[in-house]
Amino acid sequence: MSVNIKPLADRVLVKPAAAEEKTASGIIIPDTAKEKPQRGEVVAVGNGKKDEPLTVKVGDTVLYGKYAGTEITVDGSDYLIMRESDVFAIL
Amino acid sequence: MSVNIKPLADRVLVKPAAAEEKTASGIIIPDTAKEKPQRGEVVAVGNGKKDEPLTVKVGDTVLYGKYAGTEITVDGSDYLIMRESDVFAIL
Amino acid sequence: MSVNIKPLADRVLVKPAAAEEKTASGIIIPDTAKEKPQRGEVVAVGNGKKDEPLTVKVGDTVLYGKYAGTEITVDGSDYLIMRESDVFAIL
Amino acid sequence: MSVNIKPLADRVLVKPAAAEEKTASGIIIPDTAKEKPQRGEVVAVGNGKKDEPLTVKVGDTVLYGKYAGTEITVDGSDYLIMRESDVFAIL
Amino acid sequence: MSVNIKPLADRVLVKPAAAEEKTASGIIIPDTAKEKPQRGEVVAVGNGKKDEPLTVKVGDTVLYGKYAGTEITVDGSDYLIMRESDVFAIL
Amino acid sequence: MSVNIKPLADRVLVKPAAAEEKTASGIIIPDTAKEKPQRGEVVAVGNGKKDEPLTVKVGDTVLYGKYAGTEITVDGSDYLIMRESDVFAIL
Amino acid sequence: MSVNIKPLADRVLVKPAAAEEKTASGIIIPDTAKEKPQRGEVVAVGNGKKDEPLTVKVGDTVLYGKYAGTEITVDGSDYLIMRESDVFAIL
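Chains as they are written, first to last, in our numbering: chain A, 3 to 93; chain B, 3 to 93; chain C, 3 to 93; chain D, 3 to 93; chain E, 3 to 93; chain F, 3 to 93; chain G, 3 to 93.
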């Protein structure tokens with residue numbers, strides 16, 4: 003996965019993981035009821051802030067809060083751009 | 003207990019202790035009335051912030067506020083991910 | 003008095019003083035009407051923050067605001083855990 | 003006037019001046035209508051914050067805002083404990 | 003004009019200029035409709051904060067916001083005590 | 003244009019440009035409907051804050067937000083006094 | 003594209019990209035329903051803040067939040083002036 007975007011400062015660009023189409027019991031959920039994924043792959047990172055380089059790297063799978071970041075669409079794909087401080091952990 | 007998660011910066015991953023199934027007087031409480039536990043075991047820690055390493059270590063039993071952290075599910079288990087400043091004390 | 007708890011950073015653990023059972027005029031107050039004590043004994047202290055060691059020591063009797071701290075129960079006893087900045091004065 | 007209290011950090015203990023019992027025109031005001039005094043005598047001071055010693059000294063008469071500080075009772079007398087930044091001026 | 007008050011830190015004591023009794027067209031305004039003056043003379047100044055001495059001096063005529071400061075009465079005269087940052091300019 | 007006012011710290015005094023009396027299509031707008039100008043000339047500047055001299059100079063034409071600053075009247079003329087951070091750009 | 007404006011400090015001047023006149027399915031949208039563009043070209047930049055030069059350069063195509071910046075009109079063209087921290091990424 004490669005995108006031609008350079009996030010600024012402490013921002014990272016994340017490709018959210020596809021939401022599960024089925025519940026644990028096998029029932030197919032219509033599109034609007036699907037929970038937003040909170041897991042994604044980092045596809046681009048900024049240069050960090052002065053004296054604070056980023057920890058997250060391109061390719062990392064990260065966990066983030068349900069309402070983290072701003073949705074942007076690049077070349078027809080949906081991404082989230084968020085500050086690294088919105089990232090909880092690397093899987 | 004071992005999980006493959008690396009919390010970022012000053013965050014720690016906590017496995018909440020199981021809530022008591024019985025009250026002191028021996029009455030069994032149905033699941034929805036159980037108080038959320040405020041005690042847990044640290045299972046992963048971040049690297050701290052610049053110039054501020056973490057005090058809490060993996061394996062510590064910690065006390066934290068009732069509404070501290072964000073619930074995340076990893077491999078079917080529930081954890082809380084919180085900032086170390088949400089941890090009150092080590093038991 | 004000794005408890006096996008290590009408060010983090012600038013937090014202190016306080017054992018609130020027992021509330022007075024009688025008013026000045028000698029009337030016995032039922033339990034629910036008793037004012038919460040604002041005086042207590044320090045039973046454990048954290049290591050302070052970077053470059054800011056704590057002033058309060060174990061054994062000090064302290065005054066604190068009516069709504070300071072979080073109540074926690076350890077071995078059946080009730081304590082308050084609060085930041086040192088919530089402590090007004092040492093008696 | 004002497005009290006056995008040590009305020010913490012940048013806090014000062016003030017003995018509010020008695021409110022005037024009469025208005026300028028000589029009418030005696032019942033107790034509940036008296037304005038709270040905003041003038042008092044400093045009876046104890048903290049050690050200040052790191053690199054910021056206090057300016058106010060024990061014995062100073064100070065002016066402070068109407069809602070400054072917290073009321074505490076020590077040995078039957080009422081005092082106000084406030085931060086030095088709540089003190090406007092020394093008379 | 004001289005008052006025996008020492009403002010603390012970055013505070014200044016200002017004697018508000020008397021409000022104009024007449025509008026430009028010469029109509030006399032009753033007392034309650036007069037706009038509060040926003041111009042006054044500095045009568046006492048604090049020592050400034052650490053590393054930040056004050057710019058305003060006793061005797062300066064200053065402009066300040068309509069709601070700046072706290073009114074205090076000293077020896078029967080009304081003053082405003084405000085932080086220097088509430089002063090806009092020196093005339 | 004010259005005024006005898008010295009703004010404090012990071013404040014600048016701006017003479018707002020006269021609002022356009024006509025719309026692009028030539029209709030004359032009555033006084034109350036005129037948009038407030040967001041362009042003005044700097045007529046006085048402060049000395050800046052510690053270690054942060056001002057960028058704006060007397061004589062600069064500046065753009066600022068619609069609600070920036072406080073209106074003050076000096077010698078019958080209306081000015082705006084604002085912080086330099088309320089100035090967007092120099093024309 | 004060249005404009006004679008010098009943004010102050012950490013501000014950048016952006017020429018928003020023209021909004022798409024047609025939806026993906028080819029339906030022409032009337033003017034008021036068009037989404038505001040979130041993509042634009044940088045036409046002028048400030049000098050940055052003390053010790054923090056800007057990353058964005060004139061000519062960069064940038065992404066920014068839907069509500070970022072303030073609209074200003076210069077020589078009949080509409081621009082947005084925003085802080086660099088409102089810019090998410092460079093395309």
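For glycine and all other residues, C-beta sits at the position ideal for the given N, C-alpha and C. Please read these numbers as outputs of a predicted model, since none were measured by experiment.
Selection from the options that minimises the alpha carbon distance to residue i
| i | options | result |
| --- | --- | --- |
| T82 (chain A) | A:N6, A:P9, A:V5 and A:V16 | According to the sequence displayed, residue 82 (chain A) carries Leu and not Thr. Minimum Cα distance to L82 (chain A) is reached at A:V16. |
| L10 (chain G) | G:G42, G:V64, G:K52 and G:D80 | G:K52 |
| F90 (chain B) | B:K8, B:R41 and B:D12 | B:R41 |
| G71 (chain A) | A:G48, A:N49 and A:D88 | A:D88 |
| V64 (chain G) | A:I74, A:K68 and A:Y69 | A:I74 |
Buried or exposed (CB count within 10 angstroms, at least 16 for buried), residue i
| i | result |
| --- | --- |
| A19 (chain E) | exposed |
| Y66 (chain B) | buried |
| P55 (chain F) | exposed |
| G78 (chain G) | exposed |
| E86 (chain G) | buried |
First through last residue of the beta strand (DSSP E) which encompasses residue i
| i | result |
| --- | --- |
| K143 (chain D) | For residue 143 (chain D) there is no data in the structure shown, the boundaries of chain D being 3 and 93. |
| I83 (chain B) | S79 to R85 |
| T72 (chain D) | T72 to V76 |
| I7 (chain C) | I7 (chain C) -> no beta strand (DSSP E), and no H or E assigned at all. |
| V58 (chain D) | From DSSP, V58 (chain D) is part of no beta strand (DSSP E); its letter is neither H nor E. |
Sub-8 Å separation of residue i and residue j beta-carbons
| i | j | result |
| --- | --- | --- |
| V44 (chain G) | D62 (chain G) | yes |
| V14 (chain F) | M84 (chain F) | yes |
| G50 (chain C) | D80 (chain C) | no |
| V47 (chain B) | I92 (chain B) | no |
Residues bridged to residue i (per DSSP)
| i | result |
| --- | --- |
| G42 (chain E) | E:P18 and E:V64 |
| K51 (chain G) | G:E54 |
Short CB-CB distance (under 8 Å) between residue i and chain I
| i | result |
| --- | --- |
| V47 (chain F) | Included in the structure are the protein chains A, B, C, D, E, F and G, with no chain I among them. |
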